[in-house]
């Protein structure tokens, strides 16, 4: 039986007999039902468990009970769209303007308001701080040890001091900065936390430039690391919470793009000031304040994260923020209400939790633990691949290979430029090819090129400078290209999106802790490793770690391309054993037949995770 249902501006035909009735229970009371879909391996849209009348009623009630009564009809229509986003054109009650906005959004992937692009771009500028500081110390390594009386080449104690000064920002970022993120976010919000850390990262590079002893330089970089850790854990989350699902990977990946732009600009600064007597290293370190200052001033004009406002009970303000970040109110209402529905379910599951219980959940709750496996793996793999031995010490590596200081700085500048150029294509690949696929393709190639660079160092000096250094630079550049097309853009973007809203700060904090702590260990040990193992041995060691990292990614990193932050919840609800059984028993044979044996007619296997489409009382699936 079909009956007419009318609510405000909404007038549509609903087939009540085709849908289960939920008169006694609203959408927000059904977290257990959502968890039940795990066994089906379905990416579940909870709004599809309800008939249209219930969905509209709950959306209108949501608007009216949160001080948005004038937007009630808008939320009713938006809820219907969120219930079946692929078939919005079949909803008769949309206004022509709303329908046009939705069609334009569907057909123009990169369409968005200026505020969205401004906010994402400003956060990306903040990422340049880390890249700039890495390369500032890279160039400063050629001269600051002499100013402070450190003989790193002939004195093991001094070599450890140089390594400690280089690495301390990452050690404090991982062990201190990452774990003050939750209280800073709780009391200051995403914007306030970013402002505070940007202020810290504006002051400390300047302090580094004025240091009068290695102890003073160490102290400035110690504090800088705390700011870097707190910023690194918040900015990707802020970006992910603002970005539409269809381009979230690309927008959040601006983080990595601006890290490498910061690396390139840092190398530019190194070259520009290389001939300034005595204070060159001070200018190289101090110039890193520039992007942080821009971030500190610019964040004032950005809206607060809609999901943060929602989480802290400021529902109406959250919608105002979301509306600024979407091209039309109907799009903002759709995204905001859908996020609210999922958030309410997460709140029920996490009722009564504290900071430490949420952190514990990252290791004990199966769905969150699997996300933690994936995030920790990509963060650790970023250090295992060896890219940061180049970022931290390329100038020293090239001088040891036979280049002069000036030549080494220019070669390092080329390394930075390559990272920028080859990170840009990944903006378009990450949401089409996927995060997991890009990593699985590039890690074996990185292993080969890094090993080749190390072996090239074995050539005798008698062959001449060009013959000795040329192959080293070539293979380092090829290694960098592969990194820029895979692991480089993936690590922070992936980690920012895989955790539920409730555990997002704790999960990201742990991932940043892993990344920065091992970056610190790398920076601390590499100078001494070169002496003990020789540069060739050190390169070979990291080449081997690339293969280990590939295996870890294959086992623990799951694909998240083109899924909303909420749908990712179901991706990580599949047990690890089942995931590995699918990858080894279904996907791997398909890959071998199609891409190794070139059997092009081999049918593509169905995905392990599928999106849900409810038609009548039956559940069907669509390939994700």
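In full-length UniProt numbering, the protein residues as written are 1 to 624. Heads up, the beta-carbon is just placed ideally off N, CA and C, and yes, glycines get one too.
- When DSSP assignments are scanned along the segment 522-575, the uninterrupted stretches of alpha helix (DSSP H) that are 4 or more residues long and fall wholly within it turn out to be 568-571.
- Closest in C-alpha terms to residue 585, from the list 605, 266, 544, comes 605.
- The segment 201-209 makes no contact with the segment 313-327, as fewer than three CB pairs between them are under 8 Å.
- If you draw a straight line from the Cα of residue 375 to the Cα of residue 418, it comes to about 26 Å.
- Of the candidates 520, 105, 63, 420, 420 places its Cα closest to the Cα of residue 268.
- Residue 110 counts as exposed, since fewer than 16 other C-beta atoms from the protein chains shown sit within 10 angstroms of its C-beta.
- One thing to note: residue 467 has its Cβ within 9 Å of the Cβ of residue 459.
- Relative to residue 286, the option among 348, 137, 161 whose CA is nearest is 137.
- Rounded to the nearest whole angstrom, the C-alpha separation of residue 98 and residue 59 is 18 Å.
- In this structure residue 278 is exposed. Its beta-carbon is surrounded by fewer than 16 other beta-carbon atoms within 10 angstroms.
- Looking at 152, 258, 88, the one whose alpha-carbon comes closest to that of residue 525 is 152.
- Burial check for residue 569: the Cβ neighbour count within 10 Å reaches 16 or more, so the residue is buried.
- The criterion of a C-beta distance shorter than 9 Å is not satisfied by residue 492 and residue 516.
- If you check the CB distance, residue 237 and residue 180 do not come in under 9 Å.
- Taking C-beta separations shorter than 6 Å and ignoring five residues to either side along the sequence, the partners of residue 127 in its chain run 255, 258, 259, following chain order.
- Per DSSP, the unbroken alpha helix (DSSP H) holding residue 242 starts and ends at 214-242.
- Pairing residue 215 with residue 233, the inter-Cα distance amounts to about 27 Å.
- A straight line joining the alpha-carbon of residue 443 with that of residue 426 spans about 15 Å.
- Of 430, 450, 477, 549, the smallest CA-CA separation from residue 563 is found for 430.
- Every alpha helix (DSSP H) stretch that sits fully inside the segment 38-107 and reaches 4 residues is listed by chain position as 52-65, 72-83, 96-107.
- Judged by their CB atoms, residue 102 and residue 247 are not nearer to each other than the 9 Å cut-off.
- Within the segment 371-448, the complete alpha helix (DSSP H) runs of at least 4 residues fall at 387-401, 405-423, 426-429.
- Inclusion of residue 553 and residue 447 in the CB contact set at 9 Å is not warranted, their separation being larger than that value.
- Between the segment 185-205 and the segment 536-543 there are fewer than three inter-stretch CB-CB distances shorter than 8 Å, so the stretches are not counted as touching.
- Nearest Cα to residue 523 within the set 394, 495, 182: 394.
- If you keep only unbroken alpha helix (DSSP H) runs of at least 4 residues inside the segment 130-206, you get 144-147, 156-175.
- Under the three-pair Cβ rule at 8 Å, the segment 472-487 does not count as touching the segment 329-348.
- About 7 Å separates the beta carbons of residue 579 and residue 558, which is inside the 8 Å limit, making them a contact pair.
- Secondary structure of residue 328 (DSSP, three-state): coil.
- Looking from the CA of residue 355, the closest CA among 51, 47, 506 belongs to 506.
- Close CB contacts of residue 281 within its chain, under the 6 Å cut and outside five residues either way in sequence, are with 140, 143, 144 (chain order).
- With a beta-carbon spacing of about 7 Å, residue 218 and residue 164 fall inside the 8 Å limit used to define contacts.
- Residue 518 is positioned such that its CB atom lies no closer than 9 Å to that of residue 508.
- Between residue 304 and residue 185, the alpha-carbon positions lie close to 11 Å from each other.
- Residue 385 sits away from residue 243, with the two beta carbons spaced by 9 Å or more.
- Boundaries for residue 302: no alpha helix (DSSP H) harbours it, and the DSSP string shows neither H nor E there.
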